[in-house]
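Remarks on the structure that follows.
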Amino acid sequence: MEFIKEVKPESVLIACLFIFPGFITIKISRLIHVQKDSPLAELIVDAAFYTIINYIVNSFLILYFFETQTTTLCKIIIVIWTLILFPVFLPFISSFLLKTQFIRRFTNVDPIPKPWDYYFAQKRSAWIIIHLKNGKKIGGYYGNKSFASSYPHDEQLYIEEVWRISKKGSFKKKINRSDGLIVDMNEISSIEFFET
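Remember, our numbering sits 324 above the position in the sequence shown when you count from 1.
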């Protein structure tokens, strides 16, 4: 309790100004691209980093805020944009930039951690052949009702239609009355995808 009594309101305000916008950016970023949980100390450093980026990009607005001729309404809009709205948009902007060919030439950073997530994030329908580690093959249709888990969770796949595969590897016949199939990546050696 002694510590709480010693905390000054100015200190809380400064902490909020330098960390709060970054935490918004981190939270939205984790909704776009699932990430592992980080220790609190690392989150605070990342939040401060994103907040600094935010303030650099919006520095012209911040300077305008401190001009004496700026109206109260204008100041409110600048505060809302800088502390809330821009931190929400920043993950979308950075995700878009990281996917451009221009940026990819200079960095290996990809917001999508695994090929599994890359493919299934596209939400494309496909015919698939799952090669199991025991040598068997499962055919199926991955469509709108199908689902693939995403990072950091273990890879699991639900396919809405299960098909028999011929010895030549073609789709032979849909299994009647099947309501789909769940397969765990621990059982899979590879997956082939075919356009619908």
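Where is the CB? At the ideal position from N, CA and C, for every residue including glycine.
- With contacts defined by Cβ atoms closer than 8 Å, residue 389 and residue 380 do not form a contacting pair.
- Out of 365, 465 and 483, the CA that lies nearest to the CA of residue 471 is found in 483.
- The three-state reading of DSSP puts residue 514 in strand, counting E and B together.
- Distance from the Cα of residue 455 is smallest, within the candidate group 377, 346, 421 and 507, for 507.
- Straight-line measurement puts the Cα of residue 479 at about 34 Å from the Cα of residue 343.
- Counting every other CB atom within 10 Å of its CB across the protein chains shown gives residue 349 a total of 16 or more, marking it as buried.
- Closest by C-alpha distance to residue 498, out of 509, 490 and 485, is 485.
- DSSP, read as helix, strand or coil, puts residue 361 in coil.
- In this structure, the CA atom of residue 422 is about 31 Å from the CA atom of residue 338.
- For residue 504, no beta strand (DSSP E) segment is defined, and its DSSP state is neither H nor E.
- Under the DSSP assignment, residue 464 falls outside any alpha helix (DSSP H), being part of the beta strand (DSSP E) whose first and last residues are 461–466.
- The segment 441–451 makes no contact with the segment 406–418; the number of CB pairs closer than 8 Å stays below 3.
- In the three-state scheme derived from DSSP, where H, G and I count as helix and E and B as strand, residue 425 is classed as helix.
- Counting of Cβ neighbours within 10 angstroms places residue 462 among the buried residues, the total reaching 16 or more.
- Straight-line spacing of the CA atoms in residue 490 and residue 453 works out to 11 Å.
- Secondary structure at residue 334: helix, using DSSP grouped into helix, strand and coil.
- Closest in alpha carbon position to residue 520, among 465, 469 and 476, is 465.
- Residue 405 holds the alpha-carbon nearest to the alpha-carbon of residue 384 among 332, 397 and 405.
- The closest CA to that of residue 502, considering only 509, 357, 488 and 425, is found on 488.
- Boundaries for residue 482: no alpha helix (DSSP H) harbours it, while the beta strand (DSSP E) harbouring it runs 480–483, taken from the DSSP string.
- In this chain, the alpha helix (DSSP H) harbouring residue 387 covers 383–389.
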